[in-house]
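Trainee: With our numbering applied, the sequence shown corresponds to residues 802 to 973, in that order.
Don't be surprised by glycine CBs; every beta carbon is placed ideally from N, CA and C.
Everything numeric in this text was worked out from a predicted model, so none of it was measured.
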Amino acid sequence: MEKTHDALPWALKNGRYLVAPIAGDKRDAELIADFFGESATDHGNAEFAHRACTSHYDLLAALEDVELRATQAGIAWGIAKKKKQTAFLLGELERLKAVARTAIAKAKHVPAPQLDYACKHCGSRNVFRDATAQWNVSAQAWEMVDVTDHADCGDCDGETTLQEIDLSKVTP
Ligand SMILES: [Zn+2]
């Protein structure tokens, strides 16, 4: 017998019943599990089971995406290095980090981080990094092919070091 499970998303009712929605049935939900008891641990167990089930396929998809993109980036690295076109790989790494961060945040049940960069000296977000652009004939545009570590602040009016900020942890 092939084992399957009810369609997601499952819901947590009254802090103890894990239920699945049923389409086209007289009942609106099917009981998956009943977490007995009213202690903080009982409710914690129910919440953890609900969170783990809800984020399972997103975590799996994120890991598969990361594995595939990391493999492709590894193959592309040698070619890009010869052409001095490493910026798109850096961009790809940033996207990988974003995919992983989003899935991790969902599994931890916390808001997904949203990053910004600021000047380490004055805190201004008006910051820049040096980059190299190459003319793309088919796109008829300059495309960024490399980003250096050199950063400038528009408010200090000089060289600076950048600081990563998680906007989801900053109170506005
Ligand atoms: Zn500054």
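Secondary structure at residue 943, three-state DSSP: helix, strand or coil?
Mentor: The residue labelled residue 943 in the question sits at position 142 within the sequence shown. Strand.
Trainee: Taking 7 Å as the limit between beta carbons, can you name the residues of its chain near residue 983, skipping five residues before and five after?
Mentor: Since the first residue of the chain shown is 802 and the last is 973, residue 983 is not available in this structure.
Trainee: Does residue 820 get closer than 8 Å to chain B when you measure Cβ to Cβ?
Mentor: This model lacks chain B altogether; it includes just one protein chain.
Trainee: Determine the contact status of residue 859 and residue 900, defining contact as a CB-CB distance below 8 Å.
Mentor: As a position in the sequence shown, residue 859 is number 58, starting the count at 1. As a position in the sequence shown, residue 900 is number 99, starting the count at 1. Contact flag unset, no.
Trainee: Here's the rule: buried if 16 or more other CB atoms are within 10 angstroms of the residue's CB, otherwise exposed. What is residue 813?
Mentor: Along the sequence shown, one-based indexing puts residue 813 at 12. Buried, since its Cβ has 16 or more Cβ neighbours within 10 Å.
Trainee: Whole alpha helix (DSSP H) runs in the stretch 850-928 with 4 or more residues, listed along the chain?
Mentor: With a minimum length of 4 residues, the continuous alpha helix (DSSP H) runs that stay inside the stretch 850-928 are 888-909.
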